[in-house]
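Asks:
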Amino acid sequence: MIKKIFSYLIPIKIYETKSVLSKSIEVTWANGELVLDSQNANYSYGSLQRILRLGLKNIGYKKILDMNHILVLGVAGGSVIKTLVEEIKFKGKITGVEIDAEIIKIANAYFKLDQIKNLEIVIDDAFEFVLKTKAKYDLIIIDIFLDTTMPNFLFETFFINRVCSLLKSRGVILFNTMILNETQNIRNKKYIAEFYNKQFKIKTIPRIEIHNELILIEKLER
Numbered sequence: 093m094i095k096k097i098f099s100y101l102i103p104i105k106i107y108e109t110k111s112v113l114s115k116s117i118e119v120t121w122a123n124g125e126l127v128l129d130s131q132n133a134n135y136s137y138g139s140l141q142r143i144l145r146l147g148l149k150n151i152g153y154k155k156i157l158d159m160n161h162i163l164v165l166g167v168a169g170g171s172v173i174k175t176l177v178e179e180i181k182f183k184g185k186i187t188g189v190e191i192d193a194e195i196i197k198i199a200n201a202y203f204k205l206d207q208i209k210n211l212e213i214v215i216d217d218a219f220e221f222v223l224k225t226k227a228k229y230d231l232i233i234i235d236i237f238l239d240t241t242m243p244n245f246l247f248e249t250f251f252i253n254r255v256c257s258l259l260k261s262r263g264v265i266l267f268n269t270m271i272l273n274e275t276q277n278i279r280n281k282k283y284i285a286e287f288y289n290k291q292f293k294i295k296t297i298p299r300i301e302i303h304n305e306l307i308l309i310e311k312l313e314r
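Each step along the sequence shown adds one to the number in my numbering, with nothing skipped, and position 220 is 312.
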């Protein structure tokens, strides 16, 4: 409790480790809440939770409550899952895919992720999982970073088409992206252009927390 109180004055790191994939994973008290960070970015809770909560609000909590199955690609500490379960009161199935098993251990220990009964965690590469899964989803949340870097495959046509094929009719993709320079800005514009003249409705929520741009994609009925 003392650390929580003092965290309003200065962040207090309580745990730090490394994994095969991450140079630094830190659990810190900041402004009265526990957050999960990499060396240069917020991975869960804190600003990231605010970003993805805004995306969910744009989809509509009522619409989410009517969904049956949500896929989260990139779990980290599980802040978006906590928003779904604790704030929105989503009761359907959530499948979370995370490549870094060490991060899931931390999420269970510090953020009680393993206590969420309607959550299934799969330790796998998101690209591989998307190729293998036979399920269809009402909502796919893509939140994949290695520190401040986003894997190139997320923006490739093959992956885009495969993810879209996993959506049910009227299903939605919520894609969290980071833009740090003009090259990445152009990358996002090309990504959005992939959906023109297709059966999708797309919109962006730009520059959240300075560098983040959310992309919302809805699959229209045919």
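Positions of the beta carbon are idealized from the N, C-alpha and C atoms, including for glycine.
This structure is a prediction, so every number in the text was calculated from the model and none was measured.
Give the secondary structure of Ser116 by DSSP, where H, G and I count as helix, E and B as strand, and everything else as coil.
Replies: As a first step, residue 116 is located in the sequence shown; it is residue number 24 there, counting from the start. Correct three-state label for Ser116: coil.
Asks: Given this structure, state the Cα-to-Cα distance separating Tyr202 from Ile117, to the nearest angstrom.
Replies: Here residue 202 corresponds to residue number 110 of the sequence shown, with the count starting at 1. Here residue 117 corresponds to residue number 25 of the sequence shown, with the count starting at 1. Distance between the alpha carbons of Tyr202 and Ile117: 13 Å.
Asks: Following the continuous alpha helix (DSSP H) through Tyr100, name the residue where it begins and the one where it ends.
Replies: Counted from its first residue, the sequence shown places residue 100 at position 8. Where Tyr100 is concerned, there is no enclosing alpha helix (DSSP H), given that its DSSP letter is neither H nor E.
Asks: Can Tyr229 and Leu163 be called in contact, C-beta distance under 8 Å?
Replies: In the sequence shown, the residue the question calls residue 229 occupies position 137. In the sequence shown, the residue the question calls residue 163 occupies position 71. Yes, Cβ-Cβ distance for Tyr229 and Leu163 is below 8 Å.
Asks: When burial is assigned at 16 or more other CB atoms within 10 Å of the CB, is Thr275 buried or exposed?
Replies: In the sequence shown, the residue the question calls residue 275 occupies position 183. By the neighbour-count rule (16 or more Cβ atoms within 10 Å), Thr275 is not buried but exposed.
Asks: Just list the residues that DSSP pairs Glu305 with in beta bridges.
Replies: For this step, residue 305 is matched to residue 213 along the sequence shown. Partner(s): Thr269.
Asks: Between the beta-carbon of Leu211 and the beta-carbon of Ile180, is there less than 8 Å?
Replies: On the sequence shown, residue 211 is found 119 positions in, with the first residue counted as 1. On the sequence shown, residue 180 is found 88 positions in, with the first residue counted as 1. Not in contact: Leu211 and Ile180 (Cβ atoms no closer than 8 Å).
Asks: For Gln141 versus Ser111, is the C-beta distance shorter than 8 Å?
Replies: Position 49 of the sequence shown holds residue 141. Position 19 of the sequence shown holds residue 111. Not closer than 8 Å, so no.
Asks: Give me the Cα-Cα distance between Glu108 and Glu178, rounded to the nearest whole angstrom.
Replies: Within the sequence shown, numbered from 1, the residue matching residue 108 stands at position 16. Within the sequence shown, numbered from 1, the residue matching residue 178 stands at position 86. Rounded to the nearest angstrom, the two C-alpha atoms are 27 Å apart.
Asks: For Trp39, which residues of its own chain have a beta-carbon under 6 Å away from its beta-carbon, when the five flanking residues on both sides are left out?
Replies: Residue 39 cannot be examined here, being either before or after the span of the chain that is shown, 93 to 314.
Asks: Identify which residue in Val189, Asp239, Ile233, Ala199 has its Cα closest to the Cα of Ile215.
Replies: For this step, residue 215 is matched to residue 123 along the sequence shown. The option with the nearest alpha carbon to Ile215 is Val189.
Asks: Just list the alpha helix (DSSP H) runs in the segment 239 to 296, keeping only unbroken ones of 4 residues or longer that don't cross its boundaries, in chain order.
Replies: 249 to 257, 274 to 285
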